[in-house]
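My numbering numbers the first residue of the sequence shown as 78 and each following residue consecutively. Glycine included, each C-beta is placed from N, C-alpha and C at the ideal position. Keep in mind that this is a model prediction, so the values were computed, not measured. Encoded as structure tokens, the structure appears first; notes follow it.
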Amino acid sequence: MDDRVAGGAAQRAVHLPRTPAQALFRRLVLINGLVFTIGTLVLAFSPATISAPIVLAEVPVLLIGLAVMLGANALLLRRSLAPLDALTALMQRVDLLRTGDRLSDGGNSDLTHLIGTFNSMLDRLEAERSASSGHALAAQEGERRRIARELHDEIGQSLTVVLLGLKRVVDRAPDDLREELHGVQEIVRASLDEVRQVARRLRPGVLEDLGLHSALNALAADVSQMSGVKVLRSVQPDLPPLGSDVELVLYRIAQESLTNIARHAHAEHAEVSLQAEDGRLVLRIADDGQGGARQDGAGIRGMRERALLIGARLSVDSPPGVGTCVRLDIPDPANRSATS
78 MDDRVAGGAA QRAVHLPRTP AQALFRRLVL INGLVFTIGT LVLAFSPATI SAPIVLAEVP
138 VLLIGLAVML GANALLLRRS LAPLDALTAL MQRVDLLRTG DRLSDGGNSD LTHLIGTFNS
198 MLDRLEAERS ASSGHALAAQ EGERRRIARE LHDEIGQSLT VVLLGLKRVV DRAPDDLREE
258 LHGVQEIVRA SLDEVRQVAR RLRPGVLEDL GLHSALNALA ADVSQMSGVK VLRSVQPDLP
318 PLGSDVELVL YRIAQESLTN IARHAHAEHA EVSLQAEDGR LVLRIADDGQ GGARQDGAGI
378 RGMRERALLI GARLSVDSPP GVGTCVRLDI PDPANRSATS
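Quick look at the structure:
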């Protein structure tokens with residue numbers, strides 16, 4: 078019984094795959110052994126001879142042979158270890174919000190397992206990041222809807238009641254107080270309008286009621302009215318059918334982009350374009366402002382997270398003094414949906 082157990086363990090040990098470290102060690106040993114074996118054979122069968130003690134004329138031959146052996150060894154080792162440099166560079170630049178950056182194995186069988194394991198790790202991290210972002214954004218949208226509903230139903234209605242009460246007071250007030258009450262009336266009316274605008278930004282009711290085309294037109298009109306930036310709109314009328322998740326992502330990215338333009342770009346003109354191109358849907362928001370956005374702020378990173386939810390790719394081009402262009406490419410938009 079003990080012999081069979083020992084034999085089975087030995088058989089399993091024989092078939093265990095080599096670890097990446099063992100495979101790399103084996104390759105280095107083989108390379109060095111091959112180089113020194115070739116050098117020994119050349120020395121043994123060549124007409125060159127080595128005297129004892131060494132003659133001065135034989136020193137250049139030995140130095141040349143040593144240089145050739147070291148050069149061949151360095152070249153073979155460099156080719157074998159080259160994927161490690163590429164792997165290190167990928168580790169330094171990897172960003173889970175910029176997906177698809179992977180390293181090919183390059184035919185190096187000893188490092189294929191290491192490279193494949195790292196690529197699989199990136200796949201898992203990107204999937205987990207996308208899922209967690211989806212849950213967080215879904216909770217955020219739910220909270221936005223709740224706050225918008227409370228603003229509209231409670232604060233908005235309370236301000237409306239106050240406004241109506243002020244109107245009755247103004248009608249019965251003496252002339253010397255009427256002008257002051259009119260000023261209070263205008264303040265309350267402005268506050269009511271602002272509450273309604275905040276509620277619309279938090280919960281785009283026009284998107285749910287009238288669709289993406291009308292929602293983008295209303296968004297552009299609101300930004301133009303509030304900031305003075307002239308926003309041109311170019312939305313293709315016969316867009317393919319889109320899911321509610323895709324429409325919400327498109328609207329939120331356009332909203333964030335236009336908000337950034339109004340606050341930071343110092344632009345005079347902006348353009349919102351939504352077109353179907355070669356089987357994909359392209360949203361483009363551009364301005365003629367100062368540009369020069371070098372790092373992704375919280376707003377741009379939030380847009381990248383939303384883009385990942387529907388398998389889209391977001392790019393931001395912002396050369397100094399030329400303006401900024403935000404582009405969202407959605408492949409096969411009809412079959413995209415966000416992670417819920």
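**Asked** Under 7 Å, do Val112 and Ala149 count as touching if we go by C-beta distance?
**Response** Yes, the pair counts as a contact, with Cβ atoms nearer than the cut-off.
Checklist entry - What span of residues does the alpha helix (DSSP H) with His259 cover, start to end? => result Its alpha helix (DSSP H) spans residues 252 to 279.
Quiz prompt | Collapsed DSSP secondary structure at Gln352 in the structure displayed | solution = Strand at Gln352.
query = Hey, would you say Val403 sits closer than 7 Å to Ile362, going by beta carbons?
reply = The criterion of a C-beta distance shorter than 7 Å is satisfied by Val403 and Ile362.
| request: Could you spell out where the alpha helix (DSSP H) holding Asp322 opens and where it closes? | output: Unbroken alpha helix (DSSP H) run through Asp322: 321 to 337.
If you pair each beta-carbon of the segment 386 to 396 with each one of the segment 345 to 355, do three or more pairs fall below 8 Å? Judged by Cβ distances under 8 Å, the segment 386 to 396 makes no contact with the segment 345 to 355, as fewer than three pairs qualify.
Going by DSSP in three states, Ser311 sits in which element: helix, strand or coil?
Here Ser311 sits in strand by DSSP.
For Met78, count neighbouring C-beta atoms within 10 Å of its own C-beta (all shown protein chains included) and say buried if the count is 16 or more, exposed if not.
Only weak support is given to the placement of Met78: the predicted model assigns it a pLDDT of 47, under 50, and the value that follows is read from those uncertain coordinates. Result: exposed.
Does the distance from the C-beta atom of Leu319 to that of Pro410 stay below 7 Å?
With respect to the 7 Å criterion, Leu319 and Pro410 are classified as neighbours on the basis of their beta carbons.
Determine the DSSP secondary structure at Val393, reduced to helix, strand or coil.
Per DSSP, reduced to three states, the secondary structure at Val393 is strand.
Is there contact here, the segment 238 to 251 with the segment 261 to 271, by at least three beta-carbon pairs under 8 Å?
Proximity of the segment 238 to 251 to the segment 261 to 271 meets the contact definition, three or more beta-carbon pairs being nearer than 8 Å.
_Closest Cα partner of Thr176 within the set Pro397, His290, Asp394, Ala384_ = The option with the nearest alpha carbon to Thr176 is Ala384.
Review point. Mind checking Ser311: buried by the 16 CB within 10 Å criterion, or exposed?
Key: Within 10 angstroms of the beta-carbon of Ser311 lie fewer than 16 other beta-carbons, which makes it exposed.
Practice prompt. Can you tell me the Cβ-Cβ gap for Val272 and Gly233, rounded? I've got them flagged as a contact below 8 Å.
Written response: That belief holds up - the Cβ atoms of Val272 and Gly233 are roughly 5 Å apart, short of 8 Å.
ask   = Whole alpha helix (DSSP H) runs in the segment 214 to 252 with 4 or more residues, listed along the chain?
value = Whole alpha helix (DSSP H) segments, 4+ residues: 234 to 249.
Would you list the one or two residues that DSSP bridges to His341? Per the DSSP secondary-structure output, His341 pairs with nothing in a beta bridge.
On the CB-based measure, 16 or more other CB atoms within 10 Å of its CB, does Val308 come out buried or exposed?
With 16 or more Cβ atoms within 10 Å of its Cβ, Val308 is classed as buried.
Rounded to a whole number of angstroms, what is the C-alpha to C-alpha distance between Arg378 and Ala250?
Rounded to whole angstroms, Arg378 to Ala250 spans 54 Å at the Cα level.
Original post:
Taking the beta strand (DSSP E) that Leu358 falls in, what are its first and last residues?
Top reply: Per DSSP, Leu358 is one residue of the beta strand (DSSP E) stretching across 357 to 364.
**Prompt:** Considering only the beta carbon of each residue, do Gln274 and Leu296 sit closer than 7 Å?
**Reply:** 7 Å or more divides the Cβ of Gln274 from the Cβ of Leu296.
Roughly how many angstroms separate the alpha carbons of Leu180 and Leu154, rounded to a whole number? One C-alpha to the other measures close to 20 Å.
Query raised in the report: Do you know offhand how far Glu345's Cα is from Asp394's?
Result: Cα-Cα distance, rounded: 18 Å.
Under the rule that 16 or more other beta-carbon atoms within 10 Å means buried, what is Ala204, buried or exposed?
Burial check for Ala204: the Cβ neighbour count within 10 Å stays below 16, so the residue is exposed.
**Asked** From His341, Leu405, Leu316, Phe195, pick the residue whose C-alpha is nearest to that of Met380; which is it?
**Response** Residue Leu405 is the option with its Cα nearest to Met380.
(Q) Can you tell me whether Leu202 is buried or exposed? The criterion is at least 16 other CB atoms within 10 Å of its CB, across all chains shown. (A) Under this definition Leu202 is an exposed residue.
Query raised in the report: Exposed or buried, Pro317, counting other C-beta atoms within 10 Å across all chains shown (16 or more means buried)?
Result: Burial call: exposed.
Exercise for the section: For the alpha helix (DSSP H) containing Asp299, list its first residue and its last residue. Expected result: Run containing Asp299: 289 to 304, per the alpha helix (DSSP H) assignment.
Subject >> Leu180: first and last residue of the uninterrupted alpha helix (DSSP H) it sits in >> reply: For Leu180, no alpha helix (DSSP H) run applies, since DSSP gives it neither H nor E.
May I have the straight-line CA-CA distance separating Val306 from Ser321, to the nearest angstrom? Those two C-alpha atoms are separated by around 29 Å.
ask   = The alpha helix (DSSP H) spanning Arg381 covers which residue range?
value = Start and end: 375 to 386.
Exercise. Which of the three DSSP states, helix, strand or coil, is assigned to Pro410?
Worked result: Reduced to three states, the DSSP call for Pro410 is helix.
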